[in-house]
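S.K.:
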Amino acid sequence: MAETMQFQAESKRLLELMIHSIYTHKEIFLRELISNASDALDKIYFFSLEDDSILIDRTKLTINISIDKENRTLTISDNGIGMTKEELRDNLGTIAKSGSLAFKQALAKASDEIDIIGQFGVGFYSAFMVSQHVTVITKSVKEEAAYRFESSGSDGFTIDEDQKDEIGTTIICKIKENNEDENYDEFLESYRIKSLVKQYSDYIRYPIQMLKDTDNEDENEETDNTDDTKQEIETLNSMTPLWRKSKADITEEDYHKFYKDKFHDWEDPAKVIHMQAEGNLSYQALLFIPGKTPFNFYSNEYEKGLQLYSKGVFIMEKAKELLGDHFRFVRGLVDSPDFSLNISREILQHDRQLKAIASRLEKKIKSELLSMLKMDREAYEKFWKNFGMQIKYGIYQDFGAHRELLEDLVLFTSSRDKKLISLEEYVARMPEDQKEIYFVAGDSIEKCEALPQSELVRDKGYEILYLVDDIDEFVIQIMHMYKEKPFKSINQGDLDLLNEDEKSEIQKKSEESKDLFVSIKEALGDSVEDVRLSTRLKSHPVCLVSAEGLSFEMEKVLAQMPDAGEKMKAKRILEINPEHPLLQTLRRVHSARPEKLHDIAWLLYDQACLMEGLPIEDPMGFSKKLAQLMIDAF
Ligand code: ADP
Ligand code: MG
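If you read the sequence shown in our numbering, its first letter stands for residue 21, the second for the next number, and so on.
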């Protein structure tokens, strides 16, 4: 008796979506069904490796396609692992991915050794984009009985016992009738099916077979598929995995198609890296730098790693050991005859071959990125937008252990034209008398630009790097210098911008204003470390700089951290522009009306804080003092 069941709610929704889909690439259903068949073949392959009682001929694992025009059916069958009744219900009745997941979990219990390709995409339900009815006949390796699943769509499905000799799964798609908008007949044409297999499933490593078209394929030819004797079987896919083919035989489009198909991306990769190494370390690697940031890239959900193959046979998904965190955005695979099929995650961690390969990949990824930076600026800047943050984290991570590897890849915005530049470019453009790499951190490029401290530096013809991401300054701190040029914040410590004459001039002026500064310092108390004349200001009267050590931007970042406890503060130094008329005013106040100096000192200090984007300690007080100043003035 056939049991009628309902699809799980989510599945039903997906299914309805499929049935009414106006998606223009409906043909992908074939890829999905073939991919499922291929997964099922992988599964039985591994099962038979694990369990001696399963006797299969591993060389006979195939996917078979047949067309019956009269009955409008397209049939895809495999001699893979099959499904038990429960699996039928669970895997096809509930949403995609559950099957592979469950299988993975079951295997994990037995041993940790095998991982199954997690397929995404639309999966089995995509069959309903082109089928009015789908029948699945399957016999599991784990059960004697065979079962038949039938469904015409979202109304539910039935499962019944059936007859089937061979272990495996047969999927029969009853193809929809053509209508005004859509042509479905094409899926009953063998030439179309062949070209779809080529297009989407060429690298599937099991033969995808179909009966060969006979020359005069019309009526009088045998249509009876059970009589195989006279009919020739044709293998449609080349089976050679793309990465094992000679580079000369692969077009860019092949690479892109492969990438999109295998890694479920809609966009072409930004870079394809194909390595084929022979010798004592022999391997092929096919790596891709995605063209966009995966939506979950900056979450825990995203797993880094490359697929592992041995001579074209899939071993493991996401071998983490092959990629440092700094390059975790790279997708791809590595194939080496030296990997054993039964290699475990534990062994991998200590595998020397693997480490050696990982280090080659790393160098190659870097050199490819560098050449992209030199040859295709636009592409590199897009890459940087997508994954630059990860590179910067990479520099900061592990106490700067990967600094050397990554420092050439970093871009910052330059004060010169507000464009991104690399450190190498910065150093190359440095005037001869410039000894340090200037930078300033701020919330935005506009704010960095507006900082009073940046004006004179820029005027002197020096470029300033504007650091606008929270992490930037930490990165600079870890790097410390680049090509022996130390980094120097323009609002921190001393800036060595003056020549000897200018220095002695400042010295003199400082002497003259000494008492004034002592009084200001007294008024401000512990809020400032020092009050002095500035050598970095041009048009602004005052600015705040920090002593060496913690900077203002770091102070802000640390203040945002939960649990910061005792807030760390940068040491503040109030600097006054010696060329600004304000200095004379201050001196006048100091000598003639010293009782006013306290308030004016605070007004100056608070202004300086505001320009740095730092909070004012006493906004009410600030406002009162300002009001009083206006009253006094008018
Ligand atoms: P996914 O492949 O992402 O898991 P699908 O919707 O394509 O999602 O398939 C759902 C599940 O159905 C698979 O995970 C698998 O367990 C099962 N399945 C589908 N096709 C086959 C098949 N030909 N042989 C065995 N199991 C299959
Ligand atoms: Mg699938």
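Built from N, CA and C at the ideal position, the CB exists for glycine as well.
1) Determine the contact status of residue 671 and residue 352, defining contact as a CB-CB distance below 8 Å.
2) Thinking C-beta only, is residue 533 closer than 8 Å to residue 510?
3) Can you give the Cα-Cα distance for residue 111 and residue 102, rounded to whole angstroms?
4) Is any non-hydrogen atom of ligand 2 found closer than 7 Å to the C-beta of residue 144, if you look at the structure I gave you?
5) Spell out the partners DSSP gives residue 257 in its beta bridges.
6) Looking only at C-alpha atoms, which of 323, 297, 265 sits nearest to residue 349?
7) Between which two residues does the beta strand (DSSP E) containing residue 281 stretch?
8) Given the structure, does residue 52 come close to ligand 2, in the sense that its CB is under 7 Å from one of the ligand's heavy atoms?
9) Going by beta-carbon coordinates alone, are residue 454 and residue 482 separated by less than 8 Å?
10) Between which two residues does the beta strand (DSSP E) harbouring residue 351 extend?
11) By a C-beta neighbour count over all protein chains shown, 10 Å radius and 16 as the cutoff for buried, is residue 233 buried or exposed?
12) For the structure I just gave you, are there three or more beta carbon pairs, one from the region 166 to 179 and one from the region 202 to 217, closer than 8 Å?
13) Please state whether the Cβ-Cβ distance between residue 52 and residue 148 is less than 8 Å.
14) List the endpoints of the continuous alpha helix (DSSP H) containing residue 528.
15) Quick one: what's got a C-beta closer than 6 Å to residue 159's C-beta in the same chain, skipping five residues either side?
16) Please report how far the alpha carbon of residue 517 lies from the alpha carbon of residue 555, in whole angstroms.
17) Does at least one heavy atom of ligand 1 sit under 7 Å from the Cβ of residue 462?
18) Ignore the nearest five residues each way along the sequence and tell me which others in residue 508's own chain have a CB closer than 6 Å to its CB.
19) Is it true that the CB of residue 401 sits closer than 8 Å to the CB of residue 347?
20) Please give me, in chain order, every unbroken run of the alpha helix (DSSP H) with length at least 4 that falls completely inside the region 450 to 533.
21) Along the chain, where does the alpha helix (DSSP H) containing residue 298 start, and where does it finish?
22) Name the residue from 358, 376, 421, 403 whose alpha carbon lies nearest to the alpha carbon of residue 345.
23) Let me know the secondary structure DSSP gives residue 96 once reduced to three states.
24) Where residue 86 and residue 98 are concerned, what is the direct C-alpha to C-alpha distance, given to the nearest angstrom?
25) What are the partner residues of residue 178, as DSSP defines its beta bridges?
26) Among 314, 39, 443, which has the Cα closest to the Cα of residue 410?
27) When the Cα atoms are used, what is the spatial distance from residue 178 to residue 356?
28) Would you decide whether residue 430 is buried or exposed? Buried here means 16 or more other CB atoms lie within 10 Å of its CB.
29) Verify the contact flag: residue 103, CB atom, against every heavy atom of ligand 1, threshold strictly below 7 Å.
30) Where do the N-terminal and C-terminal ends of the beta strand (DSSP E) with residue 392 fall, by residue?
31) Between which two residues does the beta strand (DSSP E) carrying residue 662 extend?
32) Within the continuous alpha helix (DSSP H) that includes residue 269, where are the two ends?
33) Are the beta-carbon atoms of residue 567 and residue 595 separated by less than 8 Å?
34) Contact criterion: CB-CB distance below 8 Å. Does residue 169 meet it with respect to chain D?
35) For residue 645, which residues of its own chain have a beta-carbon under 7 Å away from its beta-carbon, when the five flanking residues on both sides are left out?
36) Below 8 Å on the Cβ atoms is my contact criterion, and I expect residue 332 with residue 449 to pass it. Report the Cβ-Cβ distance as a whole number of Å.
M.R.: Reading it off the structure:
1) For the chain, the structure presents residues 21 to 654; residue 671 sits outside this window and is missing.
2) Counted from its first residue, the sequence shown places residue 510 at position 490. Counted from its first residue, the sequence shown places residue 533 at position 513. Cβ distance not < 8 Å, so residue 510 and residue 533 don't count as in contact.
3) For the purposes of this step, residue 111 is taken as residue 91 along the sequence shown, with counting starting at 1. For the purposes of this step, residue 102 is taken as residue 82 along the sequence shown, with counting starting at 1. Straight-line Cα distance between these residues: approximately 11 Å.
4) Counting from one through the sequence shown, the residue named residue 144 turns up at place 124. Yes - ligand 2 has a heavy atom lying nearer than 7 Å to the Cβ of residue 144.
5) Within the sequence shown, residue 257 is the residue found at index 237, counting from 1. Paired residues: none, contrary to the question.
6) Sequence index remark: in the sequence shown, residue 349 carries index 329 (1-based). Among 323, 297, 265, the Cα nearest to that of residue 349 is on 323.
7) As a working mapping, residue 281 is identified with position 261 in the sequence shown. Element bounds for residue 281: not the beta strand (DSSP E) but the alpha helix (DSSP H), 272 to 282.
8) Indexing the sequence shown from 1 puts residue 52 at position 32. Correct: residue 52 has its Cβ closer than 7 Å to ligand 2.
9) As a first step, residue 454 must be located in the sequence shown, where it is residue number 434. As a first step, residue 482 must be located in the sequence shown, where it is residue number 462. Going by C-beta atoms, residue 454 is nearer than 8 Å to residue 482.
10) For this step, residue 351 is matched to residue 331 along the sequence shown. Note, residue 351: beta strand (DSSP E), 351 to 355.
11) Walking along the sequence shown from the start, residue 233 turns up at place 213. The residue in question, residue 233, is exposed, as its Cβ has fewer than 16 Cβ neighbours within 10 Å.
12) no
13) What you label residue 52 is simply residue 32 of the sequence shown in a count that begins at 1. What you label residue 148 is simply residue 128 of the sequence shown in a count that begins at 1. Result no, Cβ atoms of residue 52 and residue 148 do not sit closer than 8 Å.
14) The sequence position of residue 528 within the sequence shown is 508, counting from 1. 520 to 532 is the span of the alpha helix (DSSP H), which, as asked, contains residue 528.
15) Position 139 of the sequence shown, counted from the start, is the residue given in the question as residue 159. So the qualifying residues of the chain are 102, 166, 184, 187.
16) Position 497 of the sequence shown holds residue 517. Position 535 of the sequence shown holds residue 555. About 7 Å.
17) The count along the sequence shown starts at 1 and reaches residue 462 at position 442. Because no heavy atom of ligand 1 lies under 7 Å away, the Cβ of residue 462 does not count as near it: no.
18) Along the sequence shown, one-based indexing puts residue 508 at 488. These residues qualify, in order along the chain: 456, 458.
19) Numbered from 1 along the sequence shown, position 327 holds the residue referred to as residue 347. Numbered from 1 along the sequence shown, position 381 holds the residue referred to as residue 401. The answer is no: Cβ separation not under 8 Å.
20) 465 to 470, 472 to 479, 492 to 499, 520 to 532
21) The sequence position of residue 298 within the sequence shown is 278, counting from 1. It is not in any alpha helix (DSSP H) - residue 298 carries neither H nor E in the DSSP assignment.
22) Taking the sequence shown and counting its residues from 1, the one referred to as residue 345 is at position 325. Measuring from the Cα of residue 345, the nearest candidate turns out to be 421.
23) Locating residue 96 in the sequence shown gives position 76, counting from the first residue. Residue 96: strand per DSSP, three-state reduction.
24) Here residue 86 corresponds to residue number 66 of the sequence shown, with the count starting at 1. Here residue 98 corresponds to residue number 78 of the sequence shown, with the count starting at 1. Near 12 Å, if we compare the C-alpha coordinates of residue 98 and residue 86.
25) Residue 178 sits at position 158 when you count from the first residue of the sequence shown. Beta-bridge pairing links residue 178 to 24, 170.
26) Locating residue 410 in the sequence shown gives position 390, counting from the first residue. Per the Cα distances, 314.
27) Counting from 1 along the sequence shown, the entry for residue 178 is found at position 158. Counting from 1 along the sequence shown, the entry for residue 356 is found at position 336. Approximately 45 Å, taken between the alpha carbons.
28) Here residue 430 refers to the residue found at position 410 when the sequence shown is read from its first residue. Buried, since its Cβ has 16 or more Cβ neighbours within 10 Å.
29) As a first step, residue 103 is located in the sequence shown; it is residue number 83 there, counting from the start. Result yes, Cβ under 7 Å from ligand 1.
30) Numbered from 1 along the sequence shown, position 372 holds the residue referred to as residue 392. Element bounds for residue 392: not the beta strand (DSSP E) but the alpha helix (DSSP H), 372 to 395.
31) No statement about residue 662 is possible, as the shown extent of the chain runs from 21 to 654 and does not include it.
32) Taking the first residue of the sequence shown as position 1, residue 269 is located at position 249. Neither: residue 269 is in no alpha helix (DSSP H) and is coded neither H nor E.
33) Counting from 1 along the sequence shown, the entry for residue 567 is found at position 547. Counting from 1 along the sequence shown, the entry for residue 595 is found at position 575. No, the Cβ-Cβ distance between residue 567 and residue 595 is not below 8 Å.
34) In summary, chain D is missing from the structure at hand, where a single protein chain is found.
35) Here residue 645 refers to the residue found at position 625 when the sequence shown is read from its first residue. 619, 622, 623.
36) Walking along the sequence shown from the start, residue 332 turns up at place 312. Walking along the sequence shown from the start, residue 449 turns up at place 429. Residue 332 to residue 449, Cβ: 49 Å. No contact.
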